[in-house]
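Chains A and B are the protein sequences, given in the same order.
If you read the first sequence in this note's numbering, its first letter stands for residue 144, the second for the next number, and so on.
If you read the second sequence in this note's numbering, its first letter stands for residue 607, the second for the next number, and so on.
Backbone N, C-alpha and C define an ideal beta-carbon position, used for all residues, glycine too.
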Amino acid sequence: MNLTLKVWRQQDIRSTGKFVTYPVQGVTPDMSFLEMLDLLNENLQTQGEPPVVFDHDCREGICGMCGFLINGVAHGGHRGTTVCQLSMRFFKDGDSLTLEPWRAKAFPVLRDLAVDRSAFDRIIQAGGFITAPTGVAPDASAILVPKESADRAMDAAACIGCGACVAACPNAAAMLFTAAKVTHLNSLPQGQPQRYERTADMVAAMSDEMFGSCTNHGECEAVCPKKIPIEFIGRMNRDLVHATLHRRGE
Amino acid sequence: MLDSKIPSGPIEKKWEKARFEMKLVNPANRRKHTVIIVGSGLAGASAAASLGQQGYNVHCFCFQDSPRRAHSIAAQGGINAAKNYRNDGDSIHRLFYDTVKGGDFRAREANVYRLAQISVNIIDQCVAQGVPFAREYGGLLDTRSFGGVQVSRTFYARGQTGQQLLLGAYQALEEQIASGAVKMHTRSEMLDLVVVNGRARGVVTRDLLTGAIESFAADCVVLATGGYGNVFYLSTNAKGCNTTAIWRAHRRGAYFGNPCFTQIHPTCIPVSNENQSKLTLMSESLRNDGRVWVPKKKGDTRPPSQIPEDERDYYLERRYPSFGNLVPRDVASRAAKEVCDDGRGVGPGGQGVYLDFSDAIRRMGESVVREKYGNLFDMYEEITGENAYKVPMRIYPAVHYTMGGLWVDYQLMSTIPGLFVAGEANFSDHGANRLGASALMQGLADGYFILPYTIPNYIASSSLEKVDTSHPQFAAVTAEVNQRIATLIGIQGKRTVDSFHKELGKLIWENCGMARSADGLRSNLERIPALREEFWHNLKIIGTGQELNQSLEKAGRVADFLELGELMCLDALEREESCGGHFRVESQTPDGEALRNDEKFSFVSAWEWKGEGDQWELHQEPLAFEHVHLAQRSYK
Chain A
144 MNLTLKVWRQ QDIRSTGKFV TYPVQGVTPD MSFLEMLDLL NENLQTQGEP PVVFDHDCRE
204 GICGMCGFLI NGVAHGGHRG TTVCQLSMRF FKDGDSLTLE PWRAKAFPVL RDLAVDRSAF
264 DRIIQAGGFI TAPTGVAPDA SAILVPKESA DRAMDAAACI GCGACVAACP NAAAMLFTAA
324 KVTHLNSLPQ GQPQRYERTA DMVAAMSDEM FGSCTNHGEC EAVCPKKIPI EFIGRMNRDL
384 VHATLHRRGE
Chain B
607 MLDSKIPSGP IEKKWEKARF EMKLVNPANR RKHTVIIVGS GLAGASAAAS LGQQGYNVHC
667 FCFQDSPRRA HSIAAQGGIN AAKNYRNDGD SIHRLFYDTV KGGDFRAREA NVYRLAQISV
727 NIIDQCVAQG VPFAREYGGL LDTRSFGGVQ VSRTFYARGQ TGQQLLLGAY QALEEQIASG
787 AVKMHTRSEM LDLVVVNGRA RGVVTRDLLT GAIESFAADC VVLATGGYGN VFYLSTNAKG
847 CNTTAIWRAH RRGAYFGNPC FTQIHPTCIP VSNENQSKLT LMSESLRNDG RVWVPKKKGD
907 TRPPSQIPED ERDYYLERRY PSFGNLVPRD VASRAAKEVC DDGRGVGPGG QGVYLDFSDA
967 IRRMGESVVR EKYGNLFDMY EEITGENAYK VPMRIYPAVH YTMGGLWVDY QLMSTIPGLF
1027 VAGEANFSDH GANRLGASAL MQGLADGYFI LPYTIPNYIA SSSLEKVDTS HPQFAAVTAE
1087 VNQRIATLIG IQGKRTVDSF HKELGKLIWE NCGMARSADG LRSNLERIPA LREEFWHNLK
1147 IIGTGQELNQ SLEKAGRVAD FLELGELMCL DALEREESCG GHFRVESQTP DGEALRNDEK
1207 FSFVSAWEWK GEGDQWELHQ EPLAFEHVHL AQRSYK
């Protein structure tokens, strides 16, 4: 099949970008979306043009490195799929697709479709961990975790940190990302000692990084490739209220 | 002479003895010592976090945008530990035994024993960090069994164990970054090692955003940069996985151990198109409940549902009745290749076998199967468009892991003093074949529990002169790195990097893949240097070195693969025996199993780079088997 791509091209973080249109021919349904872009890039290079820069690594939907908007929808709008796993069989001959990077103040565009998501790392630094220096741990079976808690923790921990939730949110909020980590750690017995401090610190880091606030649009859940439910935001808010009412040291 | 520095004494006491004999660094002095760690996967992140906690000044580098992207994240199935929580006969000794045997007697006994001992601490550590391992209803940890063993010792977090273990290490690392103990350098690629007066003292890196070439000095350097499976172009590795860090170190004097030992994983989604960029693994855990089969008749094109039971060949169950579908990876892969070569493969091109869950669904119900493997079935459907609850999966072997890597001694130090190598990047503990769920164990053992002892020991017992980046050696290496980038960009030929990479991958897969012959290897030893020659004359890179340039990044990596590929073939040619994943067609038993030659080849091959002109010198580390009796592996 033949496609027309309108791709955001931007030289670097300081430049202004623009859309450039490219035809892509000979796309087959068993290719992945990124393989289709590989094909475009091979052609561009042969013609002496710089290839389109996009972040990617594992190409199996788990590293969280890939992601951009296809016709305005993060990861292309196929439920529960990262763009690297998006198959071309969902597209048809003659389709016109607009590709642009995540749009959020906290995620500056680095080049073309690649953005800087280091703000996510800094949210984790604020409290997205359980302090357990190497070597001090008790026997693994000494800590009992109810299956329900373990399952919820795992549902939340499945987040791959791709940033689609931020890109889809009209407020560019990082609530789903942060709530996923808070829910993971706060659901476990091991996570209790730092529970409220963690929640307050991560939420504070979120606003320091210029992410917006949640106004319950639910766009984040709709585009999340790991189907992280918005319910976790409610859980985080509950812990945040507790943390705010019982301020540290009181 | 290679000195593996294995401590004396009984095998159960070696690690304890070694730890006691190690020199320590006073907590107040640790801050004055800098450690560079390249790579942020399980081995790198766990080492960086642990050394940061101890008080060392750590610099950690990764080429991705965040340490959480490292490819350890993609490991699915689980992590082994000799906890014996199942009361099914497991023990440290049995994990040790299984690993040495599974590796087809080409691993160092003392290292493997230590790995088995440490395995139990790893699970404790990860649980304390909040890794959400699968639990029983009573709240205790669940386990499952994996290929090549008969006990249930594999701990797992759904089909995302690697992700969860990596996030645990990543979070510990981020905590240390926040505390200032670790300085993280993302989107930063190591392009060379700096050796001063015979010791590893720093690295030269490229900032992938700006192209800036930077230097960093330290007391010692750790490479935890993963494996080199991408030499095959198509593999289950992430696209960025590469050999550059270890290859550059090899060229600076680190010996390369067992380069031809690569693992072909039996359960991957078959290749479907010419433009395919990677192969996707379906966790080996699927073999616990899925049954592998092909039609008995050649060229049988009926859909699987129309092939009656008595016309199916469950070839693993037939050939290996005691292990059945759970034979080790090398055995399962080779068996799949044989039935496909025999014309009984299924799917497009006949390069596939069925992995069938219909019995499991009948026995346990679809919901239980969904609970255990749901994400894998979903992934399969995303890629192939087929519902594996209804039709059997189609699978085929694919390159997955490299047992070879830089040679290290018992302290995980390479032949360059001060250069440590951890995780998949070292030649490691897996011999000629790695058992399932052992890679995560080894990466974390190295990073959490071995390097935090051996690095302080090195620092405390060496008299390290003060070296900073103003040392002339840093300028010299930086000049070489700049020159190489300028040369790559200056070629201005006609072919793209990917076209060279694909051609190299095909050569290695055909002649140094699942079956290797002397003729095929010799032909590669002529064709790879010719391809390399063309690469350096006909490569085309658009753009400059002073910008984010992904083609330039790839070109540097492919240039190194073009040298490593040759060494792999040389090593495979030299090793005239079959062992584990290394199958020389000239060396097999009458029923087609791998035939070792212990008399001649019971050693680790350690190759020394002798300079341009492709000359290597082979050194041997003899392997002694005092605790596991050398025997022909049998899984029948």
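Within 10 angstroms of its Cβ, does residue i collect 16 or more other Cβ (buried), or is it exposed?
i, result
"Glu393 (chain A)", "With a pLDDT of 49 at Glu393 (chain A), under the threshold of 50, the modelled position of this residue cannot be trusted, and the question is left open."
"Lys943 (chain B)", "buried"
"Leu1224 (chain B)", "exposed"
"Gln1238 (chain B)", "exposed"
"Gln161 (chain A)", "The question names Gln, yet the displayed sequence has Lys at residue 161 (chain A). Exposed, since its Cβ has fewer than 16 Cβ neighbours within 10 Å."
"Phe626 (chain B)", "exposed"
"Lys369 (chain A)", "buried"
"Glu1030 (chain B)", "buried"
"Gln912 (chain B)", "exposed"
"Ala285 (chain A)", "exposed"
"Leu1127 (chain B)", "buried"
"Asn981 (chain B)", "buried"
Do you know how far the Cα of residue j is from the Cα of residue i?
i, j, result
"Pro738 (chain B)", "Ala275 (chain A)", "15 Å"
"Ala307 (chain A)", "Ala280 (chain A)", "35 Å"
"Ala938 (chain B)", "Trp1115 (chain B)", "17 Å"
"Ala343 (chain A)", "Gly846 (chain B)", "36 Å"
"Gly684 (chain B)", "Phe711 (chain B)", "23 Å"
"Gln1089 (chain B)", "Pro194 (chain A)", "24 Å"
"Ala713 (chain B)", "Asp730 (chain B)", "26 Å"
"Ser725 (chain B)", "Asp155 (chain A)", "46 Å"
"Ile1056 (chain B)", "Leu1012 (chain B)", "17 Å"
"His665 (chain B)", "Ile643 (chain B)", "6 Å"
"Gly1186 (chain B)", "Tyr703 (chain B)", "15 Å"
"Ala1081 (chain B)", "Gly859 (chain B)", "19 Å"
"Arg232 (chain A)", "Gly708 (chain B)", "41 Å"
"Pro613 (chain B)", "Leu721 (chain B)", "15 Å"
"Trp151 (chain A)", "Thr990 (chain B)", "30 Å"
"Asp947 (chain B)", "Gly1119 (chain B)", "14 Å"
Return the chain-ordered list of same chain residues with a C-beta closer than 7 Å to the C-beta of residue i, the five sequence neighbours on each side being excluded.
i, result
"Gln723 (chain B)", "Trp621 and Ile698"
"Ile1061 (chain B)", "Val641, Leu657, Cys826 and Phe1026"
"Cys1095 (chain B)", "In the sequence under discussion, the amino acid at residue 1095 (chain B) is Ile, which differs from the Cys named in the question. Cβ within range, chain order: Ile1147, Thr1150, Gly1151 and Leu1158."
"Phe761 (chain B)", "Gly684, Ile685, Ala687, Ile729, Phe739, Leu747 and Thr749"
"Ala315 (chain A)", "Ala247, Lys248, Ala249, Val309, Phe354 and Gly355"
Determine, using beta carbons only, whether residue i comes closer than 8 Å to chain B.
i, result
"Arg222 (chain A)", "no"
"Phe272 (chain A)", "yes"
"Pro340 (chain A)", "The residue you asked about is not Pro; residue 340 (chain A) is Glu in the sequence shown. No, its Cβ sits nowhere closer than 8 Å to a Cβ of chain B."
"Ser158 (chain A)", "no"
"Lys290 (chain A)", "yes"
"Ala280 (chain A)", "yes"
"Ser356 (chain A)", "no"
"Thr277 (chain A)", "yes"
"Ser350 (chain A)", "no"
"Asp236 (chain A)", "no"
Going by the beta-carbon positions, is the gap between residue i and residue j smaller than 8 Å?
i, j, result
"Leu148 (chain A)", "Leu256 (chain A)", "no"
"Thr850 (chain B)", "Asp1166 (chain B)", "yes"
"Pro910 (chain B)", "Tyr960 (chain B)", "yes"
"Asn717 (chain B)", "Asp1035 (chain B)", "yes"
If you drop the 5 nearest sequence neighbours on each side, which residues of the same chain put their C-beta closer than 6 Å to that of residue i?
i, result
"Met144 (chain A)", "Val170 and Asp236"
Closer than 8 Å by beta-carbon distance: list the chain E residues that pair up with residue i, in chain order.
i, result
"Ser841 (chain B)", "Looking for chain E here will not work: the only protein chains present are A and B."
Checking contacts by CB at 8 Å: is residue i closer than that to chain A?
i, result
"Val828 (chain B)", "no"
"Tyr995 (chain B)", "no"
"Asn879 (chain B)", "yes"
"Asp730 (chain B)", "yes"
"Gln957 (chain B)", "no"
"Tyr1054 (chain B)", "yes"
In its own chain, which residues sit with a C-beta less than 8 Å from the C-beta of residue i, not counting the 5 before and 5 after it?
i, result
"Phe320 (chain A)", "Phe263, Ile266, Cys302, Gly304, Gly306, Cys308 and Val309"
"Val933 (chain B)", "Gly753, Gly754, Leu922, Tyr926, Ala941 and Tyr1241"
"Arg692 (chain B)", "Thr749, Val757, Ser758 and Arg759"
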